[in-house]
Each structure stands twice: as structure tokens, then as C-alpha cells.
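Asks: After the C-alpha cells below, expect a handful of questions from me.
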């Protein structure tokens, strides 16, 4: 029998491409349909580890990627919404959730792949409604997943005739370590355990590989999938690194335990296959599911130990930005409006400190172009938005209570200040976007322009710091100093704008650099205005 190598390779890599695209599309479509609810599911249900596991399973089924769930979780840990222990539960759940795709593949829908794709395209192209488009995207992905699998398995079916491949599977069934290494490497290359398990299901269905050889590869896939999280955590925060390492340890320990019991496990899988009359794809899906469930049950009681181990491996403080308010206790609203106002004020000062820190990080991003400063400022911006909502709600609840005249005045000052601080966050977010534009379009700025920007940043940062200080101490002197500084900022903006036009006329500086420069200084000028609003509120003007 003559094997057409070209067709074999083309069908295989083409099928793999369509399969990966299918998973990505399906996950993205589901994620868009579920939207922010995913974060809410994770945020609300992780109070105890057991619920965390369930949340991890649900979210992973929705976005079709355990790495995706891990990355979402890391974001929540960074934002102080979730502790490391809670995150471990979610990551364990994610490992179980990821097995669902293998079960979907086990339901042999190959012959219906094309009509499913057609339905997805119909929903994508003939409807203007965003929700229908999202569903269409998910359906299209679902169909593409099966179509890719069909192509891959027809590409792989001649493999069982190839002597070299037979020898390889034979040595894999004799030396399980070899299978694990192959599974790990392949998942590392493809960056998706779902894809490698899909391929494994195809090979097993074509009879190109036996169960003894297939199982070690399956465990290797589970180890390989942790690489994505490790790669995502490079250069990330302490919390991100810890979560990634939990993922690695969890899968490694599981693989080691199951390899020691490999004989028993293969007997169990064979028993399942005959008892439930499973097709080859389903057999692998059940093996995969059982392995991950067993792993979860064995390691679930040791969540505390896992947290301790990774904290020892990666020392340091984990949460960087606390999204949640620390001071707003609803009990004071009924009891004492004075105390409630103090609580709100303490929270607003915290918010002001964040605004100041976010500006500093933005300035660092401008000078160093290091991504971590941009991420940090965006996290702070998220915290400012969250605190703004929470503090405003608290103050609105408080306005229902009876207050003395001084308390009423203070209440007004606080209401106004919250809004101004939140707007400062919006403006440095604009600046981050401008710097991103500058970096991605390789916009060059002259040294003079860079120096002017830094000067204006320094002055604006000082002004914001001083306005927060004025609010904290209700200090009129500080507030007056802020108003003077703001005059300086205005003058500086006019002056720098003129100098910049001269530079452009002399051809020292390009038009796009001009736009970026002018937009950054006008955002800084607006930040100065908001600082003055806070100072004026303190002066009672």
C-alpha cells in the first residue's frame, strides 16, 4: 500500500488548524455570551474551596480552556478579589472542566460537522444582533472542532501501516515514561491539551495506537497543558506565578500517582469500555475524566498544603491592588452619620492614593515602556472604578439619614471628590492608550518633548498628591497651594503646546508624534483640573 505522505501531512496539519480555531471560536463565542458573568461566577462562588472547584469546572466548560480559567483566576487574585487558597480550588476544577471537550468529541458528530458550521455562519452573517452573533460564533467553533477532527483522523489513518510508527507505539506501551514525554512535548508545541487528546482519540479510534500506549500519552498531555500557565506568568505578579505553579504541581503529582497505578488504571478503563460499550473516543474521554476526577479527590484535602508549598517556592506579597473597599461598614449608616462619613472619607483617601500611584506608574510606562507598569496602572484604574461605585452607593445610602449642616456640607465635598478621583483614573487610562499607540506605531519623540512630558507629569503628580492631602486634613493652606500649582500646569500646557508646534514646523518631529504629545499634555491638564475641584471642595467654594 502506497502512502501519500503529502496528503497525510496536509490533512493532519490542516485538520489540527481548523480544530484549534474551532476550540478558540467556541470558547470566545461562549465567553462573549456569558460576558462579565464569568468573573462574577468566580468572584461570588469562591468563598469556600468546594464551590471554587465547581466554579472552575463551570467556567472551563464555558470557555473551553483550563489555561483560560487559570488566567482569569490569576487576574482575580491580583485584584485582591480572591485568595490563593480559593484560587487553588478553581484551578483544580478547571482541570476537571477541561475533560468535557473530550466527551463532546466522543459523541461522534463528525458527519454533521459541515451543517453545524453552516448554521454557525448563518447566525454570524445574517443577523445584526450581537447576542445572536456570539451564539453563531460558538456554534461555528463547535462544528469546526468536529470538522478538524475528521480531517485529522483521515490524515492519521494510514499511520497504522507505517512500521516506524508501530515500533514507536510498541515501545510506548512498554515504557510508559516515553509516552508521557511524547504527550508533554506535543501539548507544549500545540499549546492545547484538548487538541492533543483529540488527536489521541483519533489515533486510538483508527487502531493506530493501543490503550497501554495511549494512557501514558494522556497523562503527558495533562502535564504539558501547565506550560501555558507558566508562560503566562513570566514577568507577572507573585500571585500569577503561584497560581501557575499550583497548576504544575497539581498535574505533576496526579500523573506520578496514576503512573504508579498504571496497571490497575488500564484494567479499570478496559472494564469501563466493555461495561458501558464505549466507542474508542469515549473510552479515552472516560479515562481522561476519571484521571482528573481521581486527581481532584486525592489532592482536594491538601489545598492548604499546596498553598503553603507555592508560597515557599515563590516568596513575596501577593495582592498588589485591593479592589474591595476596606472601610465602608454599613452598620454606621444607621448608628452614626459622623462615623459613616469618616469611613467614606478614609476610603476616598485610599482611592486618592491609588490615583496618585496610577499616575506614577503611567509616567514610568512612558519612560521605560515596560509592560508591567501599564498593567499596574490598568489594575489601579479598575480598582478606582470599583471603589467609586461602592463609595458612591455608601454615600447615597447615607444621604437618606438625617445629618447636621456641617455633616451635610462634608457629605457634598465627599460626593464631589469621589467623582473627581475616578475621572483622574479615566485620564491616565487615556494616556496609557496613547503610549500604547506610540509604542506599536514606533512614533519617535524628540528628547525635548520627552523632557517636557516628564516635567508636566512631575508637577501633575505633585498636585494630585497635595489635593488628596488637603482633603485628608481639610487643610485650606494645602488647598490654596493646589490651586496655584494648577495655574502652573495650565501655563505649562500652553507653553509646551507652542514649543511643540515650533518643533513640528522645523521638521524635528512628525505629525503623529505631535498628536500623541498634545493629547498627553491635555490629559494631564485635565487631571490638574480635577485636583483643583477637590481643593475647591475643601475650601468650600
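Numbering (the numbering used here), first residue to last: 1 to 541.
Backbone N, C-alpha and C define an ideal beta-carbon position, used for all residues, glycine too.
For clarity, every value in this text was computed on a predicted model and none was experimentally measured.
1. If we count the other Cβ atoms within 10 Å of its Cβ and call it buried at 16 or more, is residue 175 buried or exposed?
2. Please look up how many angstroms separate the CB atoms of residue 56 and residue 89, rounded, as I've assumed it's under 8 Å.
3. Can you tell me where the alpha helix (DSSP H) with residue 474 in it begins and where it stops?
4. Buried or exposed for residue 367, going by 16 or more other Cβ atoms inside 10 Å?
5. Taking the alpha-carbon of residue 5 as reference, which of 286, 156 and 28 has the nearest alpha-carbon?
6. Just to confirm the assignment, what range does the alpha helix (DSSP H) spanning residue 65 have?
7. On the criterion of 16 or more Cβ atoms from any shown chain inside 10 Å, does residue 11 qualify as buried, or is it exposed?
8. Would you call the region 425–441 and the region 449–456 touching, i.e. three or more CB-CB distances under 8 Å?
9. Counting Cβ pairs closer than 8 Å, one from the region 473–487 and one from the region 503–510, do we hit at least three?
10. Can you check whether the CB of residue 470 is closer than 7 Å to the CB of residue 538?
11. Using a 10 Å radius around the Cβ and a threshold of 16 neighbouring Cβ atoms, would you call residue 572 buried or exposed?
12. Could you check whether the region 487–495 touches the region 524–531, counting it as contact only if at least three pairs of C-beta atoms, one from each stretch, sit closer than 8 Å?
13. Using beta-carbon positions only, say whether residue 200 and residue 213 come within less than 7 Å of one another.
14. Expressed to the nearest angstrom, what Euclidean distance is found between the alpha-carbon atoms of residue 98 and residue 154?
15. With distances taken Cα to Cα, identify the nearest neighbour of residue 65 among 49, 83, 30 and 86.
16. Just to confirm, are residue 248 and residue 91 a CB contact at a threshold of 7 Å?
17. So, for residue 145: in the same chain, excluding its five sequence neighbours on each side, which residues have a beta-carbon less than 7 Å away from its beta-carbon?
18. Let's test the definition: count the other Cβ atoms within 10 Å of the Cβ of residue 221 and tell me whether it reaches 16, buried, or not, exposed.
19. Return the chain-ordered list of same chain residues with a C-beta closer than 7 Å to the C-beta of residue 548, the five sequence neighbours on each side being excluded.
20. Are the CB atoms of residue 292 and residue 135 nearer to each other than 7 Å?
21. Name the two residues that bound the continuous alpha helix (DSSP H) containing residue 122.
22. Measure the C-alpha to C-alpha separation of residue 263 and residue 284 and round it to an integer number of angstroms.
23. Could you compute how far the alpha carbon of residue 361 sits from the alpha carbon of residue 433?
24. Quick one: what's got a C-beta closer than 6 Å to residue 204's C-beta in the same chain, skipping five residues either side?
25. For the region 369–377 against the region 335–354, are there 3 or more C-beta pairs whose distance is under 8 Å?
26. Shortest alpha-carbon distance to residue 301 belongs to which of 68, 402 and 49?
27. Locate the alpha helix (DSSP H) running through residue 280, then write down its first and last residues.
28. Can you look up residue 260 in the DSSP assignment and give me helix, strand or coil?
29. Going by alpha carbons, who is nearest to residue 412 out of 84, 273 and 392?
30. Check this for me: beta carbons of residue 341 and residue 410, under 7 Å apart or not?
31. In the structure shown, what three-state DSSP assignment does residue 134 receive?
32. If you follow the alpha helix (DSSP H) that residue 186 is in, where does it begin and where does it stop?
33. Exposed or buried, which one is residue 112 when buried takes at least 16 other CB atoms within 10 Å?
34. In angstroms with no decimal places, state the Cα-to-Cα distance between residue 9 and residue 151.
Replies: The structure says:
1. exposed
2. 7 Å
3. For residue 474, there is no enclosing alpha helix (DSSP H), as DSSP gives it neither H nor E.
4. Under this definition residue 367 is an exposed residue.
5. 156
6. Note, residue 65: premise wrong, no alpha helix (DSSP H); not H, not E.
7. buried
8. no
9. Contact between the region 473–487 and the region 503–510 is absent, because fewer than three Cβ pairs lie under 8 Å.
10. yes
11. This structure leaves residue 572 out entirely; the chain is present only between 1 and 541.
12. yes
13. For residue 200 and residue 213, no; Cβs fall outside 7 Å.
14. If you take the alpha carbons of residue 98 and residue 154, they lie about 25 Å apart.
15. Checked all of 49, 83, 30 and 86; the closest Cα to residue 65 is 30.
16. no
17. 19, 22, 23 and 26
18. buried
19. Because the chain is modelled from 1 through 541, residue 548 falls outside the range shown and cannot be assessed.
20. no
21. It spans 113–125 - the alpha helix (DSSP H) in which residue 122 sits, taken as one unbroken run.
22. 16 Å
23. 13 Å
24. 214, 280 and 284
25. no
26. With respect to the C-alpha of residue 301, the residue from 68, 402 and 49 having the closest C-alpha is 49.
27. Looking at the DSSP string, the run of the alpha helix (DSSP H) that includes residue 280 is 280–299.
28. helix
29. Proximity to residue 412 across 84, 273 and 392 peaks at 392, based on C-alpha coordinates.
30. yes
31. helix
32. Bounds of the alpha helix (DSSP H) holding residue 186 are 176–190.
33. Exposed: under 16 other Cβ atoms inside 10 Å.
34. Between the alpha carbons of residue 9 and residue 151 lies a distance of about 11 Å.
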